[in-house]
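Undergrad: Quick note: the sequence shown uses this note's numbering, first residue 1370, plus one each step. Glycine included, every Cβ here is placed at the ideal spot set by N, Cα and C. Owing to the predicted nature of the structure, the values given are computational and were not obtained by experimental measurement.
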Amino acid sequence: MEMVLSLSIIAVAIFAGISLKKFYDKPYIVNFALSAMLLLIVLRTVLQQPISNMGWAAIIICSIAFIFQVVLGIKNLKVKEQVQALKKRISR
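1. Would you be able to state if there are at least three C-beta pairs under 8 Å between the stretch 1394 to 1413 and the stretch 1438 to 1453?
2. How would you call residue 1400, buried or exposed, if buried means at least 16 neighbouring beta carbons within 10 angstroms?
3. If you count every other CB in all the chains shown that lies within 10 Å of the CB of residue 1458, and 16 or more means buried, which is it?
4. On the three-state DSSP scale, how would you describe residue 1447?
5. First and last residue of the alpha helix (DSSP H) that includes residue 1404?
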């Protein structure tokens, strides 16, 4: 299970890096990729036994960053929808 999580973290990190270049006009994809990576890091850290102080710090910081990335992704998605609706109104 730990190996699968580690490989998943690497795969999501690669996708996030590629999406920074490829999906420059769609920042919500980058936000959701980063939030997935942070969640996987939290899960991987929780599986470590015993959890050290650095482990707890990683869990707390990555959990807060996960929440921020999800909120930013939702905001970016809403802004994109609003821009598309505005473009439709203008083109009429």
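TA: Let's see:
1. yes
2. Translated into positions along the sequence shown, residue 1400 becomes position 31. Buried: at least 16 other Cβ atoms inside 10 Å.
3. Counted from its first residue, the sequence shown places residue 1458 at position 89. Exposed.
4. If you number the sequence shown from 1, residue 1447 lands on position 78. Here residue 1447 sits in helix by DSSP.
5. For the purposes of this step, residue 1404 is identified with residue 35 of the sequence shown, where counting begins at 1. First-last of the alpha helix (DSSP H) with residue 1404: 1396 to 1416.
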